[in-house]
Amino acid sequence: MLDLRHALRALRRTPGFTLTAILSLALGLGATNAMFAVVNGVLLRPPPYAEPDRLVLVWTTSPSRNMTRLPSSEPDFRDFRRQAQAFEEISAYSTGDHSLQTAEVPERVRGLSVAGDMLKVLKVHPALGRGFLPEEEIFGQHRVVLISQGLWKRRFGKDPAVLGKSLNLDGQEHTIVGVLPPEVDFPRPDVTVWVPLAFEPGQPQSSRGNRSLEILGRLRPGITMERANKELETISRRLEQEHSENSGLSATALSLHEYRVGDLSTGLFVLMGSVAFVLLIACANLANLLLARGGARRKEMAIRTTLGATRGRLVRQLLTESVLLSVLGSAVGTVLAWVSMDGLLALAPNELSLVGVVLDLRVSAFALAVAVITGMIFGLVPALRLSGDALAGAIRESSISSPSGNRLRASLVVAEVALTVMLLVGAGLLLRSFQRLIQVSPGLSAERVLTVSVSLPSEKFSKPAQVSSFTQQLQERFTAFPSVESSGAIFPLPMDGHSWKVPCSVEGRPEPEKLEDVPLVDVRVVSGELLRSLGISVMKGRPFGPEDGPDSQRVVLLNQAAARAFFPDEEPVGKRLWTGPPEHFLPEDILSQLPGHAFPRLTVVGVVKDVRSQGPRMPAIPEVYLPVTQQDDPVPGLVFTLKSASDPVILIPLVRKALAEVDPALTLGEVKTMEAWMEGSVAQPRFYAVLLTLFAGLSMALAMVGVGGVMGYSVSQRTREFGIRMAIGSTAQQVMGLVFKRGFLWVGSGLALGLVGALSLTRVISSLLFNVSAVDPGTYAAVVLGLATVAGLSIYLPARQATRVDPATALRPE
């Protein structure tokens with residue numbers, strides 16, 4: 011306690027030093043605390059369920075097509091559930107939007123359709139009521155619902171008598187049988203209702219070839235992932251032999267935590283490493299400040315030694331001061347991290363779920379531990395050096411600088427510059443990568459386009475004619491808006507993260523020997539002037555028109571990638587294909603459901619420009635466009651596109667009114683501009699580039715402060731030398747040259763070491779780069795030139811100070 015009081019008194023005597031040290035550490039520790047909060051919330055914190063390491067997702071895989079995360083079919087799920095012994099419980103689910111009817115206007119809510127005992131898989135119990143019963147997975151008995159805590163509070167005021175009440179979803183009354191516990195956020199926090207997964211008999215969703223479900227399971231105690239995967243492989247081989255639809259397919263398990271982390275770990279660890287570099291630079295500045303301050307305290311330490319203070323006592327006192335500085339810097343840094351957290355969350359991409367990222371006790375404990383360790387490590391060397399110089403003779407020689415102390419300060423400056431070079435190179439590479447990414451043509455025009463998603467409940471839109479009629483009525487109203495130039499509809503929308511893959515066969519071509527050899531294409535169902543509204547050019551042939559009705563010849567549009575894949579040396583327009591495998595691969599029960607025991611043949615009427623539907627990082631893949639008027643299978647929803655002559659956002663109230671006129675029971679889903687979708691497709695690389703650039707800029711500022719401070723201290727120690735040189739005839743330019751020579755010796759050494767380190771470390775971020783090499787010479791050259799320029803400015807002020815030394819004043823003590 012005595013040491014703490016002495017430390018506070020000593021810091022109050024030097025407010026300039028104290029403020030500079032605290033601010034420097036606050037910047038480094040604040041950035042560290044904020045990034046650790048993100049890493050803790052995303053990578054380190056396990057899912058909030060009992061024994062989360064036993065929770066796994068089961069994915070269908072297609073090794074021959076190099077596809078590792080495919081959804082599963084409802085029959086496959088039932089087979090896995092019945093045959094897998096490695097699992098304690100297995101459940102399947104799919105997400106979708108529902109229209110919740112209220113007394114005022116319908117409300118869109120996110121729902122989870124569940125098969126199996128999902129609550130048992132997660133090892134949670136309803137906060138109120140019960141879960142689903144096995145018989146409630148039968149169509150006709152499935153109209154029950156579990157509601158979230160948020161809906162229970164918002165809609166029913168947390169009334170315990172909510173059980174048994176009715177909730178109207180998609181025009182159907184559902185009985186509330188339970189309330190979900192607050193910790194359930196699976197598979198995403200915005201899920202509001204759970205309903206049983208039940209398909210109407212005969213609907214295509216229940217077929218083995220329709221793969222739209224994800225599977226979550228809980229391993230039995232003691233079962234390893236390797237054993238579970240071996241069992242899944244065995245079951246997959248059995249299903250492949252029994253069902254032709256499963257040809258070439260397998261299954262694999264992946265831990266829930268690993269799935270949630272995904273490919274985010276590399277980027278987040280890079281950012282965490284970058285803030286560690288910033289912290290090291292801030293700490294090096296602290297050590298240099300302590301060394302410089304120590305020169306002025308030699309007399310004080312000598313007096314303490316003369317009065318009987320031991321070296322250990324002095325070291326303890328000096329360490330207390332440095333740790334106190336670090337703790338105060340950490341406190342200010344935590345405030346800065348808290349203030350910046352909203353901006354960090356706003357900048358984060360959707361796939362980086364930061365909902366649970368908070369500055370909690372774990373983060374606070376980490377911040378305190380880092381502060382104490384930082385203060386001890388970077389305060390120890392200055393403390394040992396200063397206490398070692400605390401001799402009685404130091405009273406008379408207090409102005410003599412220690413050569414070893416100067417070398418230590420120079421080494422710290424070299425280290426600061428080297429770390430800054432590595433951060434600047436990394437930031438430069440990511441910025442150049444992001445620049446090239448946003449320059450990639452997406453193949454469509456997003457300017458002034460509003461997208462509006464509308465879910466189509468299967469019970470209400472089970473017939474293709476119902477979907478087609480609804481789409482036509484809504485588009486007619488959209489087109490009538492004064493500022494709307496064109497309107498269309500599509501499912502799924504490019505860049506929204508969804509895809510609909512189906513086999514594709516060309517008429518007259520040799521049939522493959524195996525089902526897995528049939529190529530896949532992405533299907534997009536379109537209506538109206540979709541191509542015009544999104545600016546997708548027709549390269550050959552014609553677009554869809556009014557003549558392509560339900561009773562007309564079946565037609566299809568190919569993108570350029572599909573045309574190259576299926577007709578590399580032929581004219582594609584006029585050729586025929588179908589979206590399915592050769593019929594002989596199908597079992598008799600599926601084949602009998604097809605008109606004429608064959609898939610409808612589609613005539614290619616046009617080829618459209620490639621669209622990078624998966625985002626600019628991924629090349630265009632083969633896609634086929636089908637008119638909604640000829641679509642046999644119902645679609646779960648449509649995204650309407652409205653090309654406006656002005657700001658499209660002003661159309662939202664009109665769109666809402668038009669939907670209410672066509673079908674009052676339906677609600678608008680996600681409403682975004684197409685530009686927002688495109689920005690979302692590059693949100694993750696932008697997040698990494700912006701943050702690493704901020705950290706690199708912060709490190710450069712701290713490093714240049716360190717360079718300027720040490721050079722200023724060096725000039726003050728060489729005042730006599732400069733006075734003598736100027737007295738015997740040296741010019742101001744020559745004196746300035748001496749200062750620049752020493753400064754650039756340090757900076758040059760740091761640049762060289764930093765470039766070597768960058769060549770090694772930037773390979774870590776190679777997976778984050780797009781069309782940029784990790785050893786891009788332009789980036790390295792720009793960093794060297796830019797940092798050398800800024801360093802020159804930092805050295806200039808101390809050099810200018812050296813030229814203003816008065817020889818008479820400098821020599822007077824002699």
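As numbered in our numbering, the sequence shown has no gaps in its residue numbers, which increase by one up to the final residue, 824. Where is the CB? At the ideal position from N, CA and C, for every residue including glycine.
- For the stretch 697 to 706 and the stretch 470 to 477, state whether three or more C-beta atom pairs, one from each stretch, are separated by less than 8 Å. Fewer than three beta-carbon pairs drawn from the stretch 697 to 706 and the stretch 470 to 477 are found closer than 8 Å, and the two stretches are therefore not classed as touching.
- Item | Close-in-space but distant-in-sequence residues of the same chain around L21 (CB under 6 Å, 5 per side omitted) | T28
- Item | Which listed residue (N76, R270, V617) has its alpha carbon closest to that of A571 | The option with the nearest alpha carbon to A571 is V617.
- Should the stretch 71 to 90 be called in touch with the stretch 228 to 237, which here means at least 3 C-beta pairs below 8 Å? Between the stretch 71 to 90 and the stretch 228 to 237 there are fewer than three C-beta pairs closer than 8 Å, too few to call the two in contact.
- Item | Runs of alpha helix (DSSP H) wholly within the stretch 104 to 157 (minimum 4 residues, chain order) | Fully enclosed alpha helix (DSSP H) runs of 4 or longer: 128 to 132.
- Item | Status (buried if at least 16 other CB within 10 Å, exposed otherwise) for R611 | exposed
- Task: Report yes or no: do the stretch 536 to 543 and the stretch 495 to 508 share at least 3 C-beta pairs separated by less than 8 Å?
- Result: yes
- Item | Residue closest to S246, alpha-carbon to alpha-carbon, out of I157, P85, Y790, V494 | The shortest C-alpha separation from S246 is found at P85.
- Query: If you draw a straight line from the alpha carbon of E407 to that of L14, how long is it in whole angstroms?
  - Reply: Confidence is the limiting factor: at E407 the pLDDT is only 46, short of 50, which leaves the residue's position unreliable, though a coordinate-based value still follows. So the two alpha carbons sit approximately 29 Å from each other.
- Task: Could you spell out the range, first to last residue, of the alpha helix (DSSP H) harbouring R88?
- Result: 84 to 93
- Message: Using C-beta distances below 7 Å, list every residue in its chain close to L470, excluding the 5 sequence neighbours before and after it, in chain order.
- Response: For the record, residue 470 in the displayed sequence is Lys; it is not Leu. Contacts found: D180, G181.
- Message: Does any residue of chain C have a CB that is nearer than 7 Å to the CB of P646?
- Response: Considering every chain present, this structure includes no chain C. It has just one protein chain.
- Quick one: what's got a C-beta closer than 8 Å to L161's C-beta in the same chain, skipping five residues either side? The beta carbon of L161 is closer than 8 Å to those of V119, T202, V203 in its chain, skipping five residues each way along the sequence.
- Message: What would DSSP say about Q46, mapped onto helix, strand or coil?
- Response: Note that residue 46 is Phe in the sequence shown, not Gln. Helix at F46.
- Query: Can you name the start and end residues of the alpha helix (DSSP H) that N220 belongs to?
  - Reply: N220: not part of any alpha helix (DSSP H); DSSP gives it neither H nor E.
- Would S275 be called buried (16 or more neighbouring beta carbons within 10 Å of its own) or exposed? exposed
- Message: Tell me the DSSP secondary structure of V583 in three-state form.
- Response: coil
- Task: Hey, could you find the ends of the alpha helix (DSSP H) M235 is sitting in?
- Result: 235 to 252
- Going straight from the alpha carbon of M128 to that of D195, what length do you get? 12 Å
- Pick helix, strand or coil for F554, following the three-state DSSP scheme. coil
- Message: Measuring alpha carbon to alpha carbon, tell me which residue in G51, V380, L177, V288 is nearest V154.
- Response: L177
- Item | Residue range of the unbroken beta strand (DSSP E) whose run includes Q449 | Premise fails: Q449 is in no beta strand (DSSP E) and is neither H nor E.
- Going by C-alpha distance, which of Q640, P57, L296 is nearest D561? By alpha-carbon distance to D561, the top candidate from Q640, P57, L296 is Q640.
- Task: Please state if the CB of P56 and the CB of H267 are separated by a distance shorter than 7 Å.
- Result: Yes, the pair counts as a contact, with Cβ atoms nearer than the cut-off.
- Contact belief for F554 with P502 at Cβ below 8 Å, rounded distance in angstroms: A Cβ-Cβ separation of about 17 Å leaves F554 out of contact with P502 under the 8 Å criterion.
- Query: Quick check: the stretch 716 to 723 against the stretch 421 to 440, are there 3 or more CB pairs under 8 Å?
  - Reply: Below 8 Å, enough C-beta pairs join the stretch 716 to 723 and the stretch 421 to 440 to call them touching: three or more.
- Message: On a Cα-Cα basis, can you pick out the residue from L567, D643, T489 that is closest to Q603?
- Response: D643
- When S72, S158, R23, S776 are compared against A261, the one with the closest alpha-carbon: S72
- Message: With the cut-off set at 7 Å, would you say D506 and N569 are in Cβ contact?
- Response: no
- Query: Hey, out of G343, S656, S265, R574, whose CA is closest to A456's CA?
  - Reply: Among G343, S656, S265, R574, the Cα nearest to that of A456 is on S656.
- When the Cα of R64 is compared with those of G219, L229, L37, L207, which residue comes out closest? The alpha carbon of R64 has as its nearest neighbour, out of G219, L229, L37, L207, the alpha carbon of L229.
- Item | Supposed contact pair P626 and L447 - C-beta distance, whole angstroms, cut 8 Å | 5 Å
- Task: Kindly indicate which residue of R542, V337, V681, V782 has the alpha-carbon position closest to the one of A36.
- Result: Nearest to A36 by alpha-carbon distance, out of R542, V337, V681, V782, is V337.
- Query: If you draw a straight line from the alpha carbon of V280 to that of I775, how long is it in whole angstroms?
  - Reply: Distance between the alpha carbons of V280 and I775: 7 Å.
- Are S509 and D532 closer than 7 Å when you measure CB to CB? yes
- Cβ-based burial, Q744 [other Cβ within 10 Å; buried from 16]: exposed
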